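For reference, the structure discussed in these notes is given below.
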Amino acid sequence: MKHFLEEIGIPELTPEQLAKLCEIGEKAARQHALSKVSSRQISALDISIDTEGTKPVTVNIDVEINLSPLMKNFNAEKLAKEATEKAFASIKEYLSELACKSLK
147 MKHFLEEIGI PELTPEQLAK LCEIGEKAAR QHALSKVSSR QISALDISID TEGTKPVTVN
207 IDVEINLSPL MKNFNAEKLA KEATEKAFAS IKEYLSELAC KSLK
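Numbering (my numbering), first residue to last: 147 to 250.
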């Protein structure tokens, strides 16, 4: 899923800020998935986050979840979509914090 973050008044992002942005997004996606199902019920959880540009930044997030065969009645695709949305929300919050700091 590709998402274009609107301009929120931040300066050009540094490589360190881009790395932290990816780290925050991955952590949010992982925490959401694990809040819904236990790690024993997940066969594979792959989270890929990459960025294009620095101002504005385009963030690409791909969350893939394969559940244990015992979880056949659980919608893994819906869980992956929710985890992706949580990652975007966390990234947007981080960028908003950067924007506030850059205005000071």
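Note that CB positions come from ideal geometry on N, CA and C, so glycine has one too.
All figures in this text were calculated on a predicted structure; none of them were measured in a lab.
### In DSSP terms, what T230 is bridged to
One-based indexing of the sequence shown puts residue 230 at position 84. DSSP, once it has assigned bridges, lists no residue as partnering T230.
### Query
Going by C-alpha distance, which of G171, N206, E169 and L213 is nearest Q187?
Counting from 1 along the sequence shown, the entry for residue 187 is found at position 41. The shortest C-alpha separation from Q187 is found at L213.
### Straight-line Cα distance separating H178 from E243
Position 97 of the sequence shown, counting from 1, holds the residue named residue 243. Position 32 of the sequence shown, counting from 1, holds the residue named residue 178. In this model, E243 and H178 are separated by some 21 Å (Cα to Cα).
### Task
Out of V209, K182, L241 and N219, point me to the one whose CA is closest to T230's CA.
Taking the first residue of the sequence shown as 1, we reach residue 230 at position 84. When each option's Cα is compared against that of T230, the closest is V209.
### Task
Give the DSSP bridge partners of E210, in chain order.
Mapped onto the sequence shown, residue 210 falls at position 64. Per DSSP, D192.
#### Entry: E158, enclosing alpha helix (DSSP H) - first and last residue
Taking the first residue of the sequence shown as 1, we reach residue 158 at position 12. Run containing E158: none; DSSP gives neither H nor E here.
### Query
Once you ignore the five residues that flank E172 on each side, which residues in its own chain have a CB closer than 6 Å to its CB?
Start at 1 with the first residue of the sequence shown, and residue 172 comes out as number 26. In the same chain as E172, and ignoring 5 residues on each side of it, the C-beta atoms closer than 6 Å to its own belong to I193 and I195, in chain order.
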